[in-house]
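Trainee:
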Amino acid sequence: MSFKSEINKRRTFGIISHPDAGKTTLTEKLLLFGGAIQTAGAVKSNKIKKTATSDFMEIEKQRGISVATSVMAFEYKNFLVNILDTPGHKDFAEDTYRTLTAVDSVILVIDCVKGVEEQTRKLMEVCRMRHTPVIVFVNKMDREGRDSFDLLEEIEKELSISVRPLSWPINKGKDFKGVYLLYNNSLNLFESNKTKLSDEVIKIENINDPSLPEIIGKKNTEKLKEDVTTINELFEPFDISLYSEGYLAPVFFGSAVNNFGVKELLDTFVEIAPHPQPRPTNLRNVNPEDKNFSGFVFKIHANIDPKHRDRIAFLRVCSGKFERNKFYHHVRLNKQYRFNNPYNFLAQSKNVIDEAFPGDVIGLYDTGNFKIGDTLTEGENFMYKGIPSFSPELFKEVINTDPMKSKQLEKGIEQLTDEGVAQLFAQQPGNRKIIGTVGELQFEVIQHRLKNEYNASCIFNHLNYYKACWMTGNQQKIDEFCRFRQKDIVYDKDNNKVFLAQTSFVLQMAKSNNPDIVFHDTSDFKLEAV
Ligand code: G4P
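Oh and the sequence shown: position 350 is 1699 in the numbering used here, straight run, nothing missing.
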């Protein structure tokens, strides 16, 4: 197969949702259709229960399972589908944001009863920043959900994206009859069946087909006709270029747990979702078809065995062909590395691979050389962009409780923050270490892993900060501001000055008193400016 065909057959995407909307269930059903798993239930739920209790077994399980299910690749028709898993728990949201930098599109799952929820909004914000194409799957149609038109209106308003239904539900809840596929005039009739693998659709001429009342009943036919007329009045025809640019989301309705509506979703997805796209670097946009290999690390995972401190770096191949045992240039460290045992994640097992193509995600064993965002090339000195650090929401000072183990603690904190578990800031004088996270759970994870993997112990001292802000603008003014606010100025891992604001009021005041300084709450200013 030619290099170009290898690229064109790949579909690398993520499934995102608010916890409980059905992301895990939908992932599993897609894997069933793709033949990657044989039975439902094979993908373990990898979410930590929302109660956020200190159940370390759960955390350990999460770590273990999420290595295995971080990337799930399968072949479907003539396509190679790579699903990148995103943790549902909100405390791990940053992990999800980073994973979204490695996908070419997403499927957004919405619970038809609950509609747009908090995490849905945040995740979509990241997609909008990057113009990621989105397909919406409205799930749980077997439940008494909200009115479908109201839902679409809510999605458009709250997520600032235009929508276009491609399937339309006939009733809902206990009267749910199935969906009408607007793009090819066929009916997919609902039956509650968790293992069925084919959606047999009934082809009809059009919405006025005389056989329709016999199939779905007179009343449902009338309602469906009315709905279709309204859809055609309200929505423009589906325009694939608007979808590809991230402005228009096609919408499907179904019930993941019943395997219903999933096949048409997958069939449409492989047809319309983009193949690997060019990606921005600090020098230029790099095209997947470029001859030279390049890629970036978007996730680092500690090995499950705590005795071995080696880690797995997940690298998204962006251009050229990756080859085993070939030397590549680690841009940040300016060093050459080669990889003996790179692997992929086909059908949920790890296989050592000899080559990989743009769109693929490969696992590289790492002994501490990689940080999130690192770029590998064949020699060129560019770095992939768009892996922002978002401002943490919780800040705590690290207090060493075992002075004999300061070295271990330092190393542990350094490595865990390289993995992206949390952000590390240093405050001078005294090199005070401050950890920032988006959720309490990370502090528990850090404490637990420091003890188990580094034999170091610490406690955390809560600090009253609201947001971390990176600054750009007039350098003299920034320096003055930092001198004046010295006690609230810290340094991030790349030695950027960061202002820690105690309250939103303080931040507001800082902004209005310092018009020559721009305060950013992500570290990637370019991305924010898009
Ligand atoms: P998540 O990954 O987005 O957090 O959601 P997950 O797939 O785990 O689904 C959350 C719950 O919603 C699960 O029930 C799941 O069975 C249920 N669910 C998923 N799709 C549908 C659907 O189409 N209809 C209905 N009625 N329910 C659906 P649970 O009780 O939390 O777990 P389980 O014991 O069923 O696994």
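All C-beta atoms in this analysis are idealised placements derived from N, C-alpha and C, irrespective of residue type, glycine included. This structure is a prediction, so every number in the text was calculated from the model and none was measured.
With H, G and I counted as helix, E and B as strand and the rest as coil, what does DSSP make of A1451?
Mentor: Counting from one through the sequence shown, the residue named residue 1451 turns up at place 102. Three-state DSSP puts A1451 in a helix.
Trainee: V1710 and L1664 look like a contact to me (Cβ under 8 Å); what is the Cβ gap, rounded to whole Å?
Mentor: To locate residue 1710, count along the sequence shown from 1; it is residue 361. To locate residue 1664, count along the sequence shown from 1; it is residue 315. The pair is a contact, with the Cβ atoms about 7 Å apart (cut-off 8 Å).
Trainee: Using 8 Å as the Cβ pair cut-off and three pairs as the minimum, do the segment 1460–1480 and the segment 1357–1370 touch?
Mentor: Judged by Cβ distances under 8 Å, the segment 1460–1480 makes contact with the segment 1357–1370, as three or more pairs qualify.
Trainee: Among N1683, F1706 and H1650, whose alpha-carbon lies nearest the alpha-carbon of E1672?
Mentor: Taking the first residue of the sequence shown as 1, we reach residue 1672 at position 323. Checking every option, the nearest Cα to that of E1672 belongs to F1706.
Trainee: For K1842 and V1770, what's the separation of their Cα atoms in angstroms?
Mentor: Working through the sequence shown from its first residue, we reach residue 1842 at position 493. Working through the sequence shown from its first residue, we reach residue 1770 at position 421. The alpha-carbon atoms of K1842 and V1770 are separated by roughly 13 Å.
Trainee: Is the separation between the beta-carbon of A1422 and that of N1690 shorter than 8 Å?
Mentor: Here residue 1422 refers to the residue found at position 73 when the sequence shown is read from its first residue. Here residue 1690 refers to the residue found at position 341 when the sequence shown is read from its first residue. Not closer than 8 Å, so no.
Trainee: By the three-class DSSP mapping on this structure, what secondary structure does V1475 have?
Mentor: Counting from 1 along the sequence shown, the entry for residue 1475 is found at position 126. Three-state DSSP puts V1475 in a helix.
Trainee: Would a C-beta distance cut-off of 8 Å place H1678 and G1595 closer than the cut-off?
Mentor: Locating residue 1678 in the sequence shown gives position 329, counting from the first residue. Locating residue 1595 in the sequence shown gives position 246, counting from the first residue. No, Cβ-Cβ distance for H1678 and G1595 is not below 8 Å.
Trainee: Per DSSP, which residues does H1650 bridge with? Please list them.
Mentor: Taking the sequence shown and counting its residues from 1, one reaches residue 1650 at position 301. According to DSSP, which records beta bridges pairwise, H1650 is partnered with I1661.
Trainee: For Q1685, which residues of its own chain have a beta-carbon under 8 Å away from its beta-carbon, when the five flanking residues on both sides are left out?
Mentor: Your numbering for residue 1685 matches position 336 in the sequence shown. Excluding sequence neighbours, Q1685 sits near F1676, Y1677, H1678 and H1679.
Trainee: State yes or no: is the C-beta of G1603 within less than 8 Å of the C-beta of M1732?
Mentor: Position 254 of the sequence shown, counted from the first residue, corresponds to residue 1603. Position 383 of the sequence shown, counted from the first residue, corresponds to residue 1732. No. Outside cutoff.
Trainee: With the cut-off set at 8 Å, would you say F1868 and C1818 are in Cβ contact?
Mentor: Locating residue 1868 in the sequence shown gives position 519, counting from the first residue. Locating residue 1818 in the sequence shown gives position 469, counting from the first residue. Yes; because the gap between Cβ atoms is below 8 Å, this pair is in contact.
Trainee: For the ligand G4P, is there any heavy atom lying closer than 7 Å to the beta carbon of P1368?
Mentor: Counted from its first residue, the sequence shown places residue 1368 at position 19. Within the cutoff, so yes.
Trainee: Distance, Cα to Cα, E1585 vs R1513?
Mentor: The residue given as residue 1585 occupies position 236 in the sequence shown. The residue given as residue 1513 occupies position 164 in the sequence shown. C-alpha separation (whole angstroms): 7 Å.
Trainee: Using the rule of at least 16 other Cβ atoms within 10 Å of the residue's Cβ for burial, across every protein chain shown, is H1811 buried or exposed?
Mentor: The residue labelled residue 1811 in the question sits at position 462 within the sequence shown. Classification for H1811: exposed.
Trainee: May I ask you to list the residues that DSSP assigns as paired with C1818?
Mentor: Sequence index remark: in the sequence shown, residue 1818 carries index 469 (1-based). DSSP lists F1848 as partners of C1818.
Trainee: Consult DSSP for I1553 and reduce its assignment to one of helix, strand or coil.
Mentor: Here residue 1553 corresponds to residue number 204 of the sequence shown, with the count starting at 1. Residue state, collapsed to three classes: coil.
Trainee: May I ask you to check if the CB of N1488 is nearer than 7 Å to at least one heavy atom of the ligand G4P?
Mentor: The residue you call residue 1488 lines up with position 139 of the sequence shown. Indeed, a heavy atom of the ligand G4P lies less than 7 Å from the Cβ.
Trainee: Hey, could you find the ends of the alpha helix (DSSP H) D1576 is sitting in?
Mentor: For the purposes of this step, residue 1576 is taken as the residue at position 227 of the sequence shown. Start and end: K1567 to L1583.
Trainee: Determine the direct distance from the alpha carbon of L1758 to that of V1747, and round the result to whole angstroms.
Mentor: Walking along the sequence shown from the start, residue 1747 turns up at place 398. Walking along the sequence shown from the start, residue 1758 turns up at place 409. Each residue's Cα considered, the two are about 10 Å apart.
Trainee: Who are the near neighbours of N1804 in its chain, counting only those whose CB is closer than 6 Å to its CB and skipping five residues on each side?
Mentor: For the purposes of this step, residue 1804 is taken as residue 455 along the sequence shown, with counting starting at 1. If we look at N1804 and ignore the five residues flanking it on each side, its Cβ neighbours are Q1757.
Trainee: Could you tell me whether the segment 1455–1472 touches the segment 1721–1731, where touching means 3 or more Cβ pairs closer than 8 Å?
Mentor: Because the criterion of three Cβ pairs below 8 Å is not met, the segment 1455–1472 and the segment 1721–1731 do not touch.
Trainee: Could you give the uninterrupted runs of the alpha helix (DSSP H) lying entirely in the segment 1461–1513, keeping only those of 4 residues or more?
Mentor: Complete alpha helix (DSSP H) runs here, min 4: 1467–1479 and 1497–1508.
Trainee: I believe S1516 touches L1538 by the beta-carbon criterion, under 8 Å. Please report the beta-carbon distance rounded to the nearest angstrom.
Mentor: Within the sequence shown, the letter at position 167 stands for residue 1516. Within the sequence shown, the letter at position 189 stands for residue 1538. About 12 Å; that fails the 8 Å criterion.
Trainee: Among the candidates D1440, E1563, E1493 and P1436, whose CA atom is the shortest distance from the CA of V1462?
Mentor: The count along the sequence shown starts at 1 and reaches residue 1462 at position 113. Among D1440, E1563, E1493 and P1436, the Cα nearest to that of V1462 is on E1493.
Trainee: In chain order, what are the residue ranges of uninterrupted alpha helix (DSSP H) at least 4 long that sit wholly in the segment 1721–1784?
Mentor: Entirely contained in the segment 1721–1784, the alpha helix (DSSP H) runs reaching 4 residues are, in chain order, 1755–1767.
Trainee: Leaving aside the five residues before and after N1863 along the sequence, list all residues of the same chain whose C-beta is less than 7 Å from its C-beta, in chain order.
Mentor: On the sequence shown, position 514 is the one that residue 1863 refers to. K1826 and F1830.
Trainee: Could you tell me the alpha carbon to alpha carbon distance between F1739 and L1773, rounded to whole angstroms?
Mentor: Stepping through the sequence shown from its first residue, residue 1739 is reached at position 390. Stepping through the sequence shown from its first residue, residue 1773 is reached at position 424. The straight-line gap from Cα to Cα measures roughly 12 Å.
Trainee: With distance defined between alpha-carbon atoms, name the residue in K1860, Y1446 and S1497 nearest to D1460.
Mentor: Position 111 of the sequence shown holds residue 1460. Closest by alpha carbon: S1497.
Trainee: What are the boundary residues of the beta strand (DSSP E) that includes V1839?
Mentor: Counting from one through the sequence shown, the residue named residue 1839 turns up at place 490. First-last of the beta strand (DSSP E) with V1839: I1838 to Y1840.
Trainee: What do you get for G1384, buried or exposed, if any count of 16 or more other CB atoms within 10 angstroms of its CB means buried?
Mentor: For the purposes of this step, residue 1384 is taken as residue 35 along the sequence shown, with counting starting at 1. Classification for G1384: exposed.
Trainee: Just how far apart, CA to CA, sit F1428 and E1505?
Mentor: What you label residue 1428 is simply residue 79 of the sequence shown in a count that begins at 1. What you label residue 1505 is simply residue 156 of the sequence shown in a count that begins at 1. C-alpha separation (whole angstroms): 30 Å.
Trainee: Measuring alpha carbon to alpha carbon, tell me which residue in S1755, V1839, A1370 and N1607 is nearest F1382.
Mentor: What you label residue 1382 is simply residue 33 of the sequence shown in a count that begins at 1. With distances taken between Cα atoms, F1382 lies closest to N1607.
Trainee: Is the distance from the Cβ of V1635 to the Cβ of S1593 below 8 Å?
Mentor: Along the sequence shown, one-based indexing puts residue 1635 at 286. Along the sequence shown, one-based indexing puts residue 1593 at 244. Contact: no.
Trainee: Whose CA, out of D1558, L1583, K1670 and P1778, lies closest to the CA of I1838?
Mentor: Against the sequence shown, residue 1838 aligns to sequence position 489. For I1838, the nearest C-alpha among the options comes from P1778.
Trainee: Between which residues of its own chain and T1361 is the CB-CB distance below 6 Å, once the five residues before and five after are set aside?
Mentor: Numbered from 1 along the sequence shown, position 12 holds the residue referred to as residue 1361. Counting only Cβ-Cβ distances below 6 Å, and skipping sequence neighbours, we find N1431, V1452, D1453 and G1708.
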